[in-house]
Amino acid sequence: MTTAMTPSSAPVLVAEHVTAGYGDVRVLQELDLRVHAGEIVALLGRNGAGKSTTLSTLAGLVTPSSGRVLLNGKARRDAPFRRVRDGLAYVVEERGVLLGLTTAQNLRLGPGSVADALAYFPEIEPHLGRQAGLLSGGQQQMLAVARALASRPRVLMIDELSLGLAPMFVERLLQALRQAREAGVGVLLVEQHARTALRVADRAYVLNQGRVALDGPAADLLERLPEIEHAYLGGDPAQT
Ligand SMILES: Nc1ncnc2c1ncn2[C@@H]1O[C@H](COP(=O)(O)OP(=O)(O)OP(=O)(O)O)[C@@H](O)[C@H]1O
Ligand SMILES: [Mg+2]
């Protein structure tokens with residue numbers, strides 16, 4: 194395992210030797226990961242590597258059987274909503290947009306203001322009165338990220354940012370993540386497209402079967418991408 198360059202700011206979110214899973218099934222094995230304020234961290238790995246489980250565990254939806262999760266330097270074992278209140282925003286893979294509600298109603302479900310959400314994504318303003326289910330996938334993802342950022346989080350976790358989205362939306366979403374980074378938000382980004390993630394990220398972790406196989410500066414991993422894809426990001430090893 195390579196050692197990543199450590200940014201000077203304090204970590205806002207830490208997984209420390211976390212082992213976690215579902216019932217008797219261990220998914221994460223002694224996972225160590227940290228996100229600092231004002232950096233974008235990519236979390237990569239093939240299907241089933243444990244990326245979503247990592248975010249769920251950091252959020253408090255899955256409880257570690259050993260190890261610790263720290264938010265703003267404090268160990269947490271409490272409920273997800275308390276972590277959200279303390280600055281942990283989480284955009285789940287399904288986006289968490291309520292399709293029967295309008296865009297504005299979805300934004301008001303979050304703790305942040307509609308104005309703050311629109312500051313990140315002014316282009317959703319014309320859609321405020323529209324039912325979210327009528328928005329495109331890209332617009333729904335912008336809505337989900339806007340709502341999360343409007344809560345002024347210390348750290349934002351996003352599961353599968355670009356899944357199924359047109360490149361134009363992906364670029365727009367990445368731009369918002371850069372803007373959030375400028376504002377000092379730490380971002381943990383799970384992304385299927387390694388190149389997309391590594392282009393925007395400062396650092397990255399590669400998961401393999403629930404363990405950190407590799408971590409380091411995103412630029413270094415980008416240089417070694419063909420080799421990394423071959424070793425860790427190819428098809429499901431169970432199917433090959
Ligand atoms: N709710 C659950 N109950 C039992 N096993 C689960 C559950 N969720 C995930 N798993 C298993 O945990 C392992 C890791 O899954 P996880 O969803 O964290 O992977 P992932 O890296 O996010 O994959 P993908 O790229 O497909 O989203 C897989 O073997 C999966 O089958
Ligand atoms: Mg997943």
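The sequence shown begins at 194 in my numbering and counts up by one. Backbone N, C-alpha and C fix where the C-beta goes; we use that ideal spot for every residue, glycine too.
Taking C-beta atoms under 8 Å as the contact rule, alanine 397 and valine 211 fail to qualify, at a distance of about 18 Å. Not one heavy atom of ligand 1 sits closer than 6 Å to the Cβ of glycine 427.
Short of 7 Å from the beta carbon of glutamine 333, and not among the five residues preceding or following it, lie these beta carbons of its own chain, in chain order: Arg288, Val290 and Ala325.
Collapsing the DSSP output to three states places proline 304 in coil. Contact between the stretch 268 to 287 and the stretch 244 to 260 is present, with at least three C-beta pairs closer than 8 Å.
By the Cβ test, the stretch 221 to 230 is not in contact with the stretch 412 to 430, since fewer than three Cβ pairs between them sit closer than 8 Å. Ligand 1 never approaches tyrosine 283 closely enough for any of its heavy atoms to be under 6 Å from the residue's Cβ.
Ranked by how close their Cα comes to the Cα of leucine 264, the residues Gly214, Ala337, Gly379 and Gly305 have Gly379 in first place.
For glutamate 384, the three-state secondary structure derived from DSSP is coil. Counting C-beta pairs closer than 8 Å gives fewer than three between the stretch 264 to 273 and the stretch 299 to 315, which falls short of the contact rule.
Only residues of its own chain outside the window of five on either side were considered, and among them Tyr313, Leu342, Leu349 and Val380 have a CB closer than 8 Å to the CB of alanine 373, listed in chain order. Taking the Cβ of glycine 322 as the reference point, every heavy atom of ligand 1 lies at 6 Å or farther away. Judged by the Cβ position, serine 355 fails to qualify as a neighbour of ligand 2 at the 6 Å threshold, every heavy atom of the ligand being at least this far. Secondary structure note for alanine 369: its alpha helix (DSSP H) is the uninterrupted segment 360 to 375. By the beta-carbon neighbour count (other beta carbons within 10 angstroms, threshold 16), proline 257 is buried. The Cβ atoms of valine 399 and leucine 407 lie closer than 7 Å to each other. Taking 8 Å as the upper bound for CB-CB distance, aspartate 352 and serine 245 are in contact here, some 6 Å apart. For ligand 1, residues qualifying as neighbours are Tyr215, Val218, Val220, Gly238, Asn240, Gly241, Ala242, Gly243, Lys244, Ser245 and Thr246, where qualification means a beta carbon closer than 6 Å to at least one of its heavy atoms (chain order).
When the five nearest sequence neighbours on each side are left out, the beta carbons in the same chain lying within less than 8 Å of the beta carbon of leucine 294 are those of Leu302, Gln324 and Ala325, in order along the chain. Secondary structure within the stretch 255 to 304: the beta strand (DSSP E) runs of 3 or more consecutive residues, fully enclosed, are 259 to 264, 267 to 269 and 281 to 284 (chain order).
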